[in-house]
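Enquirer: The working numbering numbers the first residue of the sequence shown as 981 and each following residue consecutively. Glycine included, C-beta positions come from ideal geometry on N, C-alpha and C. Predicted model only: the values in this text are computed from it and were never measured.
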Amino acid sequence: MAEYQVSHIQPEYKFHINLDEYDRRATLSADELKVVRRWKEENLVITKRQAPRLHKPLTDILYRSNLDRANSHRALKYLLLTVAHQEKPYWGWSEDLWVEIINNSPVLKKTGMVPQLIAVAYLLCGFRSVYKIQRNVATAVVARLVFGAEIVDTECERLFSALTRVGFVCQTVRPLVPSVFAAVALQGENPKLESFDRKILEHTRECYTGNHIAKRIGILSNGLAAMGLTSKVIHFRAYQPRHGTETDNINPEWMTWCRRWLETTTLREGSRRAVYNTLTRIGIWLGREHPEVTGPEQWTVSVCADYLAAVDRLRIGDWGGSTFDYRLIPTVGQPLQAPTKVAYYQVMRRFLSDIQSWEWAQLRCNPRYHLSTPKNIAKYLGVNPRTIDDASWLKLTWASFNIEPDDLSPDCFYPFALLQAIAVVWTHAGLRSNEIARLRVGCTREQSEDVVDQSGNVVPAGQVCWLDVPEGKTSVAYTKPVGHAVHKYITAWMKKRASPRKHLDRRTGEHVHFLFQLRNRPIA
981 MAEYQVSHIQ
991 PEYKFHINLD
1001 EYDRRATLSA
1011 DELKVVRRWK
1021 EENLVITKRQ
1031 APRLHKPLTD
1041 ILYRSNLDRA
1051 NSHRALKYLL
1061 LTVAHQEKPY
1071 WGWSEDLWVE
1081 IINNSPVLKK
1091 TGMVPQLIAV
1101 AYLLCGFRSV
1111 YKIQRNVATA
1121 VVARLVFGAE
1131 IVDTECERLF
1141 SALTRVGFVC
1151 QTVRPLVPSV
1161 FAAVALQGEN
1171 PKLESFDRKI
1181 LEHTRECYTG
1191 NHIAKRIGIL
1201 SNGLAAMGLT
1211 SKVIHFRAYQ
1221 PRHGTETDNI
1231 NPEWMTWCRR
1241 WLETTTLREG
1251 SRRAVYNTLT
1261 RIGIWLGREH
1271 PEVTGPEQWT
1281 VSVCADYLAA
1291 VDRLRIGDWG
1301 GSTFDYRLIP
1311 TVGQPLQAPT
1321 KVAYYQVMRR
1331 FLSDIQSWEW
1341 AQLRCNPRYH
1351 LSTPKNIAKY
1361 LGVNPRTIDD
1371 ASWLKLTWAS
1381 FNIEPDDLSP
1391 DCFYPFALLQ
1401 AIAVVWTHAG
1411 LRSNEIARLR
1421 VGCTREQSED
1431 VVDQSGNVVP
1441 AGQVCWLDVP
1451 EGKTSVAYTK
1461 PVGHAVHKYI
1471 TAWMKKRASP
1481 RKHLDRRTGE
1491 HVHFLFQLRN
1501 RPIA
């Protein structure tokens, strides 16, 4: 793993240890060798006068503060005895030797001196691979020993205050942040939050892959964004991109065409990925049944006919590869339903039609005709309304008004006001889930005057409110009247809502304040 370069970090941090004050020879003198051999053979009490060159740097680090004096004393003795067994001062220990000593020593199993050992290695020997230690590292303790408890506690409090402003008020957050903060500070060699840029955050997450610290780098980045120290928040989970990694008997030339289409199409992000994933599955089928077909120009009428028949007989999991894991899907082996078959046909029609319209290739078939959905499949398509029984819907409506905090799961960290506002909007506004998630701050207005409807009935002022609905799947932005309860519960949520930054509305391209937003993120 490439080492992170910290020379760009501003402001530069100066450690309290000045290495130039010590004699850092990597070998023992004859007198020192006699002393350390006596330690090993006679198990004498080790004092500062016996080997001051080895003793003083350790005391300067371990006894600098009152942090766990007992373990500091044990660590001092353990390190000097290890010097005796290695017959080499700790100045000359390699990184691998430090890792081996800390990870494999049976003496450390029941003691709490691992943070002290890491602090010594960090300050005296340039050891930075804290993530390689497999024992309980307690990075927060290491950071206090390395940088000092006062500065670590001060910076953590600054971070806590920023996280509280953007909605991270869950009781489980506060105990976790110091260890994540410490890991980043140790990797960047600087405890000041101003030095935590995106590069060091990403580097720390890469180092601690698989560790709880890597999973919580996103929390720390939200606090930094709230303080204005970073411009972009890191995702909570590091997803590896799937596209471009398929190797399951897919012809490389076919993958080149698919990637080129992915980079050119103007479909929305979710649609692009869905089409691309289907194209890779089709590439698996081509590799098995038509290996001679490596590009769009080789799709003949005969290949189109084979494809129509193959999709009609396709079962879930048949075209799976290394990037498509069906082991946890209970419907594996069952036939595809008609809408899914239609989607497969639509994907190939779009793909080939786009390539033809962009003049990338001269096709030997007519996609819209030769890949049209067969009638025996199309006849199963149509409106499939999901009606809700009136009594059931009335129960849901009543529940949205009468839900109580005690009704929530103990593990639920969402604010009660947020959940109730979403419930009332869902039962009273008649919106799609995407439209609810994309509502913006200030989307409701009270009815200030009487309104006469088309039938001549008068709706008194205050009976309804106006709701601004953002652009959706089938319509442009518009305003609709809804029950006044929607305004009431949205206003109650606004009183509790934190003031996080704006987020990008991917459908409109605008940066807006979403109404239902928590912990610096819009709700899913």
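Look at V1291 and H1270 and say whether their C-beta atoms are less than 8 Å apart.
Expert: no
Enquirer: Quick check: A1099 and I1180, are their CB atoms within less than 8 Å of each other?
Expert: Not closer than 8 Å, so no.
Enquirer: Run through the DSSP bridge pairs and tell me what Y1458 is partnered with.
Expert: V1449
Enquirer: Would you mind stating whether F1176 and V1157 have Cβ atoms separated by less than 8 Å?
Expert: No. Outside cutoff.
Enquirer: With DSSP run on the structure shown, which of helix, strand or coil describes D1369?
Expert: coil
Enquirer: Report the residue from V1015, P1037 and I1026 whose alpha carbon sits nearest the alpha carbon of D953.
Expert: As displayed, the chain neither begins before 981 nor continues past 1504, which places residue 953 out of reach and without an answer.
Enquirer: Ends of the beta strand (DSSP E) at D1485?
Expert: H1483 to D1485
Enquirer: Can you give me the Cβ contacts of K1321 inside the same chain, cut-off strictly under 7 Å, excluding the 5 residues immediately before and after it?
Expert: So the list reads V1291, D1292 and I1357, once near-sequence residues are dropped.
Enquirer: Output the distance between the C-alpha atoms of F1505 and G1198, rounded to the nearest integer angstrom.
Expert: Residue 1505 lies beyond the stretch modelled for the chain, which goes from 981 to 1504, so this question has no answer here.
Enquirer: As an exercise, report each continuous alpha helix (DSSP H) stretch of at least 4 residues that is fully enclosed by the region 1012-1092, in chain order.
Expert: 1032-1042, 1049-1066 and 1075-1084
Enquirer: Which residues share a DSSP beta bridge with V1492?
Expert: H1483
Enquirer: Straight-line CA distance for T1424 to A1465?
Expert: 11 Å
Enquirer: Is it buried or exposed for Y1070, if we count other Cβ within 10 angstroms and need 16 for buried?
Expert: buried
Enquirer: W1373 to D1448, Cα distance in whole Å?
Expert: 24 Å
Enquirer: Can you give me the start and stop residues for the alpha helix (DSSP H) that E1426 sits inside?
Expert: Looking at the DSSP string, E1426 is not in any alpha helix (DSSP H); the run it does join, the beta strand (DSSP E), is T1424 to E1426.
Enquirer: If you reduce the DSSP assignment to three classes, tell me which class Q1443 lands in.
Expert: Note: Q1443 maps to coil in three-state DSSP.
Enquirer: Under 8 Å, do V1327 and L1247 count as touching if we go by C-beta distance?
Expert: no
Enquirer: With a threshold of 16 other CB atoms inside 10 Å of the CB of P979, please say whether the residue is buried or exposed.
Expert: Residue numbering for the chain in the displayed model covers 981 to 1504; residue 979 lies beyond these limits and cannot be assessed.
Enquirer: Below 8 Å on the Cβ atoms is my contact criterion, and I expect Y1469 with Q1427 to pass it. Report the Cβ-Cβ distance as a whole number of Å.
Expert: Contact flag wrong, Cβ pair sits at about 16 Å.
Enquirer: Can you tell me whether Q1314 is helix, strand or coil according to DSSP?
Expert: coil
Enquirer: How big is the Cα-Cα spacing for G1072 and L1060?
Expert: 13 Å
Enquirer: Is it the case that the Cβ atoms of E1067 and V1016 are separated by a distance below 8 Å?
Expert: yes
Enquirer: Specify whether the region 1081-1095 and the region 1111-1130 touch according to this definition: at least 3 beta carbon pairs, one from each stretch, less than 8 Å apart.
Expert: Counting Cβ pairs under 8 Å, three or more are found: they touch.
Enquirer: For a test of the three-state rule: what should DSSP assign to L1181, helix, strand or coil?
Expert: helix
Enquirer: Hey, how far is the Cα of G1362 from the Cα of Y1458?
Expert: For G1362 and Y1458, the gap between their C-alpha atoms comes out near 28 Å.
Enquirer: Does the region 1482-1492 come close enough to the region 1129-1144 that 3 or more CB-CB pairs lie under 8 Å?
Expert: no
Enquirer: Taking Cβ to Cβ, would you say S1159 is nearer than 8 Å to I1193?
Expert: yes
Enquirer: Going by DSSP, what residues sit across from R1420 in a beta bridge?
Expert: R1420 pairs with F1494.
Enquirer: Along the alpha helix (DSSP H) that carries P1155, what are the first and last residues, could you check?
Expert: V1153 to G1168
Enquirer: Where M1235 and G1263 are concerned, what is the direct C-alpha to C-alpha distance, given to the nearest angstrom?
Expert: One C-alpha to the other measures close to 8 Å.
Enquirer: What does DSSP give as the partner residues of G1208 in its beta bridges?
Expert: G1208 is not bridged to any residue.
Enquirer: Suppose you measure from the CA of N1231 to the CA of G1267; what does that come to, to the nearest Å?
Expert: Our two residues, N1231 and G1267, have alpha carbons roughly 7 Å apart in a direct line.
Enquirer: Who are the Cβ neighbours of L1019 in its own chain at under 7 Å, not counting the five residues just before and after it?
Expert: Checking the sequence shown, residue 1019 turns out to be Trp, not Leu. If we look at W1019 and ignore the five residues flanking it on each side, its Cβ neighbours are I1026, L1060, L1061 and A1064.
Enquirer: Taking the straight line between their C-alpha atoms, what separation do you get for V1153 and T1189?
Expert: 20 Å
Enquirer: Grab me the residues of H1408's own chain with a C-beta within less than 7 Å of its C-beta, minus the 5 sequence neighbours each way, in chain order.
Expert: V1462, G1463, A1465 and V1466
Enquirer: Indicate the three-state DSSP secondary structure (helix, strand or coil) for R1293 in the structure shown.
Expert: coil
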